[in-house]
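*Asks:* Quick note: the sequence shown, position 259, residue 261 per this note's numbering, numbers continuous. Every residue, glycine too, gets a C-beta built ideally from N, C-alpha and C. As the structure is a computational prediction, the values presented were derived from the model and not from experiment. Following this message is one structure expressed as structure tokens.
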Amino acid sequence: MAELEGIYFAEFDNRMGPKVTYEAPEGLINPEVFDAISECVIPKPWLFGRMMSTYAFGKTYLGMPVNLEGAQYERNRMLFNVGVVLHPSRRNHSSEVAVYEPVIRKIAQTLEALEAETCFLSDESMKVKLGDVLEQVLTGLRKHRKAVVPIDEANILHLVLNPRQTSQPVPNVREHDVPVPLCDLRRHVASEKDLVLRRIYPCIDGVRFIKQVAEMADVDTELAIDCVAGLICQDLVRLVDIFQYSNIYASTKDVGRIASDTDLREKCLATILDPAVRKTMTTNELFSLYAALRPGLRYEDFCLTRESKLIGTWLVVLIVSTSRNTLSISLSHFFVSRSP
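Okay, structure coming up:
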């Protein structure tokens, strides 16, 4: 893994131009070097919101420039970049650098959320805390490959360097995909205190698609997409298509788990809309209901031939997203697939 030399926070000063405001350790980026790379640190508008890597003077400068717009800012915008300085080996350069991308993205998203909630960056009396935060982040990542840093009384920054993340493909998340929780997200939020996730998780219900989640949580759609992608990498959510009665769903070979897995069976019963039916339905009835889903049968026709009150639209929670040719079944309760 690339050696972490330091971490910095840079911003655009309306009088001085781009500058490094906080850095750990002190003197991390000398003025001559910063002059040479400043256009990559505070780049052109269309490059904001993207991870940017610059190799210069034998080091890699990896950061995420952020553009915040609003009438409260001078010139109606605030531009900043949070990043790290790395000394990678020549071999496997890109994979070594990629290890740090989730950490940088999380810091940037947290600062963006803090600014929206408390004016953390625009209020100089609060922003001054950032220098100490960066020091603690650097110390934690160097010594333990993780950092737990309190920002204020209400917010804690949790960061973990995970080399295994480089072998994971980046999830292809679209604004019309529906994230389905695979666990109680409240526990994750309580332990990590992630500001972006804290806004988004109450809106993730297995029915709303990502754009709706973003609008309901009052966050940018791209920010929501990044957050959901992170949850997917942690196996906390799974993506499914938007539920439509015209869709075709089919049971898979794993449908038999309903009979053998008590917890799974309880989850299935919990989706039944009619309380009376939920209490009296037998395992055989539940199994036959899901087994009746088959290729070529639209769900609306299934509901006309079966008692629609038994499942209702919450069947979507049990459906795994698939392409036309490939079905990925990674968890035991994914025993229904979307057919083309």
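So for I31, helix, strand or coil by DSSP?
*Replies:* For the purposes of this step, residue 31 is taken as the residue at position 29 of the sequence shown. Three-state result, I31: coil.
*Asks:* Using CA coordinates, which residue listed in P27, D186, T141 and A231 is at the minimum distance from V180?
*Replies:* To locate residue 180, count along the sequence shown from 1; it is residue 178. For V180, the nearest C-alpha among the options comes from A231.
*Asks:* Report buried or exposed for M80, applying the criterion of at least 16 other Cβ atoms within 10 angstroms of its Cβ.
*Replies:* Numbered from 1 along the sequence shown, position 78 holds the residue referred to as residue 80. The residue is buried, with at least 16 neighbouring Cβ atoms inside 10 Å.
*Asks:* Would you list, in sequence order, the uninterrupted beta strand (DSSP E) runs of no fewer than 3 residues that lie entirely inside the region 44-106?
*Replies:* Whole beta strand (DSSP E) segments, 3+ residues: 54-58, 61-71 and 79-89.
*Asks:* How would you call V130, buried or exposed, if buried means at least 16 neighbouring beta carbons within 10 angstroms?
*Replies:* Here residue 130 refers to the residue found at position 128 when the sequence shown is read from its first residue. Looking at its Cβ environment, which holds fewer than 16 other Cβ atoms inside 10 Å, V130 is exposed.
*Asks:* Select from Q74, P277, E7 and G208 the residue whose C-alpha is nearest the C-alpha of L88.
*Replies:* Stepping through the sequence shown from its first residue, residue 88 is reached at position 86. Of the listed residues, the one whose Cα sits closest to L88 is E7.
*Asks:* To the nearest angstrom, report how far apart E268 and V182 are at their CA atoms.
*Replies:* Against the sequence shown, residue 268 aligns to sequence position 266. Against the sequence shown, residue 182 aligns to sequence position 180. Computed Cα separation, rounded: 17 Å.
*Asks:* Which residues in the same chain have their Cβ closer than 7 Å to the Cβ of H148, if we skip the five residues on either side of it in sequence?
*Replies:* Walking along the sequence shown from the start, residue 148 turns up at place 146. For the record, residue 148 in the displayed sequence is Lys; it is not His. Counting only Cβ-Cβ distances below 7 Å, and skipping sequence neighbours, we find G142, L161, V162 and L163.
*Asks:* Could you pull out every residue in the same chain whose Cβ sits closer than 6 Å to the Cβ of Y247, ignoring the five residues on either side in sequence?
*Replies:* Mapped onto the sequence shown, residue 247 falls at position 245. Hits under 6 Å: Y301 and E302.
*Asks:* When burial is assigned at 16 or more other CB atoms within 10 Å of the CB, is S262 buried or exposed?
*Replies:* Within the sequence shown, the letter at position 260 stands for residue 262. Flag for S262 reads exposed.
*Asks:* In this structure, does DSSP put S248 in helix, strand or coil?
*Replies:* Here residue 248 is taken as the residue at index 246 of the sequence shown, counted from 1. Residue state, collapsed to three classes: coil.
*Asks:* Considering only the alpha carbon of each residue, which of T285, T264, M283 and F289 lies closest to S253?
*Replies:* Walking along the sequence shown from the start, residue 253 turns up at place 251. It is F289.
*Asks:* By Cβ distance, which residues of its chain are closer than 7 Å to F59, with the 5 residues on each side in sequence left out?
*Replies:* Here residue 59 corresponds to residue number 57 of the sequence shown, with the count starting at 1. Excluding sequence neighbours, F59 sits near V35.
*Asks:* Identify whether R240 lies in helix, strand or coil by the three-state DSSP scheme.
*Replies:* Reading the sequence shown from its first residue, position 238 is the one you call residue 240. Here R240 sits in strand by DSSP.
*Asks:* By a C-beta neighbour count over all protein chains shown, 10 Å radius and 16 as the cutoff for buried, is N32 buried or exposed?
*Replies:* Residue mapping note: residue 32 aligns to position 30 of the sequence shown, counting from 1. Label assigned to N32: exposed.
*Asks:* List the whole-angstrom C-beta distance separating L136 from F11, where the pair is believed to meet the contact cut-off of C-beta under 8 Å.
*Replies:* One-based indexing of the sequence shown puts residue 136 at position 134. One-based indexing of the sequence shown puts residue 11 at position 9. The pair is a contact, with the Cβ atoms about 6 Å apart (cut-off 8 Å).
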